[in-house]
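Peer 1: Read left to right, the sequence shown gives residues 1 to 553 (this note's numbering).
C-beta: ideal position from N, C-alpha, C; glycine also.
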Amino acid sequence: MVMIASLCSQLIELLTPSRLIVFAVLFTFASFLVDFTRKPRYSESLPRVGCGVDFVGTLKNWVLFVTRYDSWFSEGYEKYSKHGRAFVVPAAPAHPQEIVVPRSQAAWMLELPDRVLSTKEAHRDSLHNDYQFFGVDDQFPIQTIHKQLARNIIDIIPGVQEEVEAAIDDVFGKDTDWKTVNLWEAWLGIVPRVTNRIIVGARLCRNKDFLAAQVAFADDVVRNSILLDLVPRVFKPIVAPPLVALSNYRRWRKSYLLAKPLLEERLAGFERKASGDPAYLDWQPPEDMVTWLIRQARAEGLNHELNPEMLSKRILPVEFAAIHTTVVTGFNLTIDLLSADPSLNVLGVIREETAGVLSEEESPGSWSKQGLMSLHRTDSAIKESMRLSTFARGLTHRKVVAPEGVTNATEGWHAPYGASLTLDMAGIHHDPDIYPDPNRYDPWRFSRQREEIEARAREAAERGEKIDPDEMMRAMRLGMVTTSAEYLPFSHGRHACPGRFFVAHELKMILAYLVHNYEFKPLPERPKPVWFGHNQIPPVKTTIEIRRRKGTA
Ligand code: HEM
């Protein structure tokens, strides 16, 4: 006993604060090394960018990843991707390095089945889903959006238009004097509300506390992902739970309590209608994601899905996928439009096009799907901004989940289980061989091509001829919702964003309402974003000068 006590006191004497610090640093370093040895190893034949693969090079890569990631990609794009070769780019310390697949092999990558290359597992690793979304699998709500959103788009347009107009009036006001507005905050005032119109419906989408909790949850997911990327894998089960409990859990709980009455009411409505309650025979639930989730769970007999708590957790991944992506897209679009070449009169052209179509709608002033789809120039201005102003280096990530790995037959390299594959969206979008003058915002880049093909078709028709059907097909494929290996903001292939049809309508309605009801002062130059690892931090302090047009209030 005496011996143990004396050993303990000797130990305590040894543990000075400086020794404790050294011990913590060594332990963290050793953990990174253990992580490193467990990471997938790539073929020697794959070229690499960054500071090298030896010990010192790896350490440098981990540190410089934050500031050099974008330039490493650019270097690799020029040296390898443009020549149809894959290359390896360093990643954050806790992640395997990424194999950047060239555009010429995008089809190969995207057509491999999910049991070989998984989107779900790639997102799970990058967002640390198991911790951040409370271990609730995200595939059920993702399937709901895939199956239901595009199918219901015609029915949701009137509600979305109503919400767009009310949100913009609230954010920018009806005062006809010039005022200065923070642009990021403005988009945060519009998008979460409009998006939630299709997630939780008209009542809750206007509840400011509910929206604030959802936005804060999404912010926390992003921040925690960045932090957890820097933590060695062995520490994650220790670090992640308190981090998530302190932030994500609190936000979710707040949004859950606010949504609970609505969710209970909706669940009861379905129950009572199904049980033949006479008061509910004519009851029709609003078409929103809550309804779609309940319908899908009932159809599949998934009773554990049918409670308010689960429903409120199910909407979290969709809120996350939908809100910040749309906010940053709308934000970039506004600064691209306001810093565009004034001689193009972009806002004037959009005003003219949207006014023309809106006045010819079956119910003038109310958008229809057909009307929105015929806004070719407005579509082009948005699409061009999404091409130019990429907010991440790439958005298409896949993880190798086949135990035997995957072999690329074209080049002969092998990617083992756990390897990470990605497409270089920013490299492709800024390649002059694909998009001439790629760094210029050319709002009519896509509509010009469409109009040229349509003009040729008209001239051919006048001569009693037809143009090549492939040409007409090409014109139809120039819209912003058509994805391809050359246009990747919504990714491409079977996991391409299922929200893009809604986003296209939403952004066009927002833009139309803004240009009809407000005037803007141009920006002298486009504010610049900053790269942080694979993401861009938008210039969120940007302000714009805006005033309500007289006679529109
Ligand atoms: C401008 C706004 C948006 C952009 C740029 C965007 C982009 C993307 C991208 C790049 C992906 C990844 C696809 C892949 O891994 O291959 C994705 C997935 C997804 N997005 Fe969007 N998104 C936007 C808005 C939305 C909205 C509004 C919703 C829902 C209302 C939504 C729902 C989803 C879902 C559910 C997935 C997962 C698809 C799957 O894994 O199969 N997104 N989005």
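May I ask you to verify whether the stretch 238 to 258 touches the stretch 149 to 163, counting CB pairs closer than 8 Å and requiring at least 3?
Peer 2: They do not touch, by the three-pair rule.
Peer 1: With 16 other CB atoms within 10 Å as the buried threshold, where does N303 fall?
Peer 2: Exposed, by the Cβ-count rule.
Peer 1: How close, in whole Å, do the beta carbons of Y417 and R387 come, if the pair is a contact with beta carbons under 8 Å?
Peer 2: Not quite, the Cβ-Cβ distance comes to about 34 Å (not below 8 Å), so this is no contact.
Peer 1: Apart from the five residues just before and just after T552, which ones in its own chain have a Cβ nearer than 6 Å to its Cβ?
Peer 2: Within the same chain, T552 has close Cβ partners N517.
Peer 1: Please work out which residues of its chain come closer than 7 Å, Cβ to Cβ, to Y280, disregarding the five sequence neighbours upstream and downstream, and give them in chain order.
Peer 2: Closer than 7 Å at Cβ, skipping near neighbours: G269, R272, K273.
Peer 1: Suppose contacts are defined by Cβ-Cβ distances below 8 Å. Is L228 in contact with H128 by that definition?
Peer 2: For L228 and H128, yes; Cβs fall inside 8 Å.
Peer 1: Taking R85 as the reference, give the member of R463, P17, N408, H429 with the closest Cα.
Peer 2: Comparing Cα positions, the closest option is N408.
Peer 1: By a C-beta neighbour count over all protein chains shown, 10 Å radius and 16 as the cutoff for buried, is E462 buried or exposed?
Peer 2: By the neighbour-count rule (16 or more Cβ atoms within 10 Å), E462 is not buried but exposed.
Peer 1: Please state the DSSP three-state secondary structure of N152.
Peer 2: Three-state DSSP puts N152 in coil, outside helix and strand.
Peer 1: Going by C-alpha to C-alpha distance, which of Y513, G371, P522, Y77 sits closest to S339?
Peer 2: With distances taken between Cα atoms, S339 lies closest to P522.
Peer 1: Look at the Cβ atom of L306, then the Cβ atom of A297, and state whether they are nearer than 8 Å.
Peer 2: Yes.
Peer 1: Once you ignore the five residues that flank A322 on each side, which residues in its own chain have a CB closer than 7 Å to its CB?
Peer 2: Taken in chain order, the residues that qualify are T195, G499.
Peer 1: Looking at the unbroken alpha helix (DSSP H) that takes in E459, where does it start and where does it end?
Peer 2: Per DSSP, E459 belongs to the alpha helix (DSSP H) from 445 to 462.
Peer 1: In the DSSP assignment, what residue or residues form a beta bridge with V100?
Peer 2: DSSP, once it has assigned bridges, lists F87, T422 as partnering V100.
Peer 1: Output the distance between the C-alpha atoms of F87 and I453, rounded to the nearest integer angstrom.
Peer 2: When rounded, the distance between both Cα atoms is 38 Å.
Peer 1: Enumerated in chain order, which unbroken segments of the beta strand (DSSP E) with a length of 3 residues or greater are wholly contained in the stretch 177 to 221?
Peer 2: Taking only runs of at least 3 residues, the beta strand (DSSP E) segments lying wholly in the stretch 177 to 221 are 179 to 182.
Peer 1: Name the residue from L149, R549, L375, I350 whose alpha carbon lies nearest to the alpha carbon of T291.
Peer 2: The residue with the shortest Cα to Cα distance from T291 is L149.
Peer 1: Three or more beta-carbon pairs under 8 Å between the stretch 88 to 99 and the stretch 197 to 208, yes or no?
Peer 2: In short, these stretches do not touch, since the Cβ pair count stays below three.
Peer 1: Locate the alpha helix (DSSP H) running through W62, then write down its first and last residues.
Peer 2: Counting along the chain, the alpha helix (DSSP H) containing W62 begins and ends at 55 to 79.
Peer 1: What are the boundary residues of the beta strand (DSSP E) that Q296 is part of?
Peer 2: First-last for Q296: 289 to 299, but that is the alpha helix (DSSP H), not the beta strand (DSSP E).
Peer 1: Is the beta carbon of I453 within less than 7 Å of some heavy atom of the ligand HEM?
Peer 2: Checking every heavy atom of the ligand HEM against the Cβ of I453, none is found closer than 7 Å.
Peer 1: Using 8 Å as the Cβ pair cut-off and three pairs as the minimum, do the stretch 173 to 192 and the stretch 535 to 546 touch?
Peer 2: Yes: the two stretches touch, three or more of their Cβ pairs being nearer than 8 Å.
Peer 1: Using a threshold of 7 Å, is the CB atom of H146 nearer than that to any non-hydrogen atom of the ligand HEM?
Peer 2: Correct: H146 has its Cβ closer than 7 Å to the ligand HEM.
Peer 1: Excluding the 5 residues flanking G493 on each side, which residues of the same chain have their C-beta closer than 6 Å to its C-beta?
Peer 2: Around G493: L110.
Peer 1: Over what stretch of residues does the alpha helix (DSSP H) that includes Y518 continue unbroken?
Peer 2: First-last for Y518: 518 to 520, but that is the beta strand (DSSP E), not the alpha helix (DSSP H).
Peer 1: Going by the DSSP bridge assignment, what does T345 pair with across the sheet?
Peer 2: According to the sequence shown, residue 345 is Asn rather than Thr. N345 is not bridged to any residue.
Peer 1: Let me check you understand the geometry: is the CB of H495 closer than 7 Å to at least one non-hydrogen atom of the ligand HEM?
Peer 2: Yes, the beta carbon of H495 sits closer than 7 Å to at least one heavy atom of the ligand HEM.
Peer 1: K236 lies in the alpha helix (DSSP H); which residues open and close that run?
Peer 2: First-last of the alpha helix (DSSP H) with K236: 236 to 246.
Peer 1: By the DSSP assignment, the beta strand (DSSP E) with N535 in it spans what residues?
Peer 2: N535 -> beta strand (DSSP E) spans 535 to 537.
Peer 1: Counting beta carbon pairs with one atom in the stretch 122 to 136 and one in the stretch 470 to 486, are three or more of them shorter than 8 Å?
Peer 2: They do not touch, by the three-pair rule.
Peer 1: Can you tell me whether D177 is buried or exposed, with buried defined as 16 or more other CB within 10 angstroms of its CB?
Peer 2: D177 is exposed by the Cβ-count criterion.
Peer 1: Measure the beta-carbon distance from S225 to R398 and round it to whole angstroms, keeping in mind my assumption that it falls under 8 Å.
Peer 2: About 18 Å; that fails the 8 Å criterion.
Peer 1: Under 8 Å between the Cβ atoms of Q284 and S255?
Peer 2: No, the Cβ-Cβ distance between Q284 and S255 is not below 8 Å.
Peer 1: Among all the DSSP beta bridges, which residues are the ones paired with I546?
Peer 2: K179, F520, per the DSSP bridge assignment.
Peer 1: Heavy atom of the ligand HEM less than 7 Å from the Cβ of S491, yes or no?
Peer 2: Yes, since a heavy atom of the ligand HEM falls inside the 7 Å radius drawn around the Cβ of S491.
Peer 1: Return the CA-CA distance between G301 and M310, expressed in angstroms with no decimal places.
Peer 2: Computed Cα separation, rounded: 15 Å.
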